[in-house]
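In terms of our numbering, the sequence shown is residues 108 to 424.
Built from N, CA and C at the ideal position, the CB exists for glycine as well.
Here the structure comes first, spelled out in structure tokens, and everything after it is commentary.
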Amino acid sequence: MNNSMDNALLLSLVIPTYNRSKYLDKQIGWAVESIGDKWDNIELVVCDNASEDATKEICAKWKKILDNKITIIVNNNNIGLVRNCLLGISKAKGEFVWLIGDDDPIQVRAVASVLSTIKDNRQLNVIHLNHRCVSGIDGSIIIPKFYSVDRDIITDKGSKELSKLLESHHTGGFMFITANVINRNAAVCFMEDTPPEEDSLLAYPMLLNAGLASMGGFCLLESCYLDCVYHQSSWSNKYEEVSYEEVPRTLFKLKSKGVSNKAILFCLNHQYQGLHSLKDTLYILRKDPLYFKTDKFKKWAKRWALKNSLKWKLVSL
108 MNNSMDNALL LSLVIPTYNR SKYLDKQIGW AVESIGDKWD NIELVVCDNA SEDATKEICA
168 KWKKILDNKI TIIVNNNNIG LVRNCLLGIS KAKGEFVWLI GDDDPIQVRA VASVLSTIKD
228 NRQLNVIHLN HRCVSGIDGS IIIPKFYSVD RDIITDKGSK ELSKLLESHH TGGFMFITAN
288 VINRNAAVCF MEDTPPEEDS LLAYPMLLNA GLASMGGFCL LESCYLDCVY HQSSWSNKYE
348 EVSYEEVPRT LFKLKSKGVS NKAILFCLNH QYQGLHSLKD TLYILRKDPL YFKTDKFKKW
408 AKRWALKNSL KWKLVSL
């Protein structure tokens with residue numbers, strides 16, 4: 108390998124955080140162990156979203172240990188989860204950016220594998236990491252392998268492979284920020300051309316990750332390097348709004364990024380599988396005629412209309 112590759116800053120590990128000092132301390136420790144002797148190619152960045160706990164002290168501790176190997180960015184005000192992530196991307200200096208949740212369990216070998224993939228495939232837009240899904244309640248394994256593939260997928264034509272993947276899997280992996288390593292320049296251009304919208308802000312990481320994967324080089328690493336912990340999402344209090352409104356609206360936008368209608372339709376059906384059908388709702392109304400005046404009915408009607416409107420647009424355009 109030539110000297111320019113040996114010394115190139117190829118990867119930024121960016122940890123967005125807010126009021127989770129204990130998790131952050133552990134995650135920085137993981138990063139240092141996982142990076143090992145590869146600091147010539149890697150930088151470590153923490154984006155503190157105006158935390159009010161011991162995050163400042165944890166960052167100071169690691170700054171003293173790592174010196175210029177770690178960059179600490181502190182926001183004056185809390186700018187929200189997604190905008191803090193996007194800030195991390197814009198401030199990163201590496202060729203690729205890996206946003207890392209401050210509490211996501213990741214294997215020590217993950218960084219070496221990602222860095223090796225980058226060195227061999229610098230044309231990629233996205234390196235997508237396979238993962239397990241585990242319960243945040245009892246630690247049980249819910250899905251042992253999110254993508255049922257038996258080999259790495261590497262392609263310059265991301266739209267074809269991504270569409271094929273999404274025709275049998277939903278887009279949950281692209282909502283999971285830690286499962287995606289993205290080309291920084293491509294991401295910055297994407298954010299300028301397709302900026303986030305307030306009514307779908309929490310689903311924007313999915314649009315960014317899946318959109319980049321569809322528009323250029325895409326890699327899926329077959330091995331599971333990390334866990335997605337269910338029931339611990341920072342937006343769990345908005346779960347229904349995100350699942351039934353933000354994600355579906357965002358899915359439709361992937362059509363313009365090259366994702367197939369078949370893949371989008373599969374993902375839409377997955378998103379709405381927990382929503383009452385029209386038949387079920389009519390049954391409830393027969394039992395309780397005043398149900399239509401409730402907030403619950405109004406939310407259902409809004410989401411049912413959105414579902415059918417998106418499906419109609421999908422087949423008519």
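(message) One question on the structure: do Leu-206 and Val-121 come within less than 7 Å of each other, judged by their Cβ atoms?
(response) yes
(request) Compute the beta-carbon to beta-carbon distance between Leu-424 and Leu-372, rounded to the nearest angstrom, for a pair I have assumed lies under 8 Å. (result) Contact flag wrong, Cβ pair sits at about 13 Å.
(request) Counting only runs of 4+ residues fully inside the stretch 219–284, write out the alpha helix (DSSP H) ranges in chain order. (result) 265–273 and 279–282
(request) Jot down the residue ranges of each uninterrupted beta strand (DSSP E) in the stretch 138–201, minimum 3 residues, whole runs only, in chain order. (result) 149–155 and 177–181
(message) Given this structure, state the Cα-to-Cα distance separating Ser-266 from Thr-388, to the nearest angstrom.
(response) Between the C-alpha atoms of Ser-266 and Thr-388 there is a straight-line separation of about 37 Å.
(request) Taking Tyr-390 as part of the alpha helix (DSSP H), name the residues at either end of that continuous run. (result) 385–394
(message) Contact defined as beta carbons within less than 8 Å: I believe Leu-269 pairs with Ser-321. What is the distance between those atoms, to the nearest angstrom?
(response) 5 Å
(message) Only counting the same chain, and skipping five residues up and downstream in sequence, which positions put a Cβ closer than 6 Å to that of Ala-161?
(response) Ser-128
(request) Out of Pro-302, Arg-393 and Leu-117, state which residue places its alpha-carbon closest to the alpha-carbon of Val-456. (result) Missing from the structure shown is residue 456; the chain here goes from 108 to 424 and no further.
(message) Distance check for Leu-314 and Pro-303, CA to CA, integer angstroms please.
(response) 9 Å
(message) Rounding to the nearest angstrom, what Cα-Cα distance links Asn-184 and Asn-156 in this structure?
(response) Taking the straight line joining both Cα atoms gives about 7 Å.
(message) Which residues does DSSP list as the beta-bridge partners of Tyr-337?
(response) Ser-242
(request) Could you give the DSSP three-state label for Leu-327: helix, strand or coil? (result) In this structure, Leu-327 counts as strand in the three-state DSSP scheme.
(message) Less than 7 Å between the C-beta atoms of Cys-154 and Gly-195, yes or no?
(response) yes
(message) On the criterion of 16 or more Cβ atoms from any shown chain inside 10 Å, does Gly-246 qualify as buried, or is it exposed?
(response) exposed
(request) Hey, could you find the ends of the beta strand (DSSP E) Thr-124 is sitting in? (result) 118–124
(request) Would you identify the three-state DSSP class for Val-422, choosing helix, strand or coil? (result) helix
(message) Checking the sheet assignment: what are the DSSP bridge partners for Trp-205?
(response) For Trp-205, DSSP records a beta bridge to Leu-120 and Val-288.
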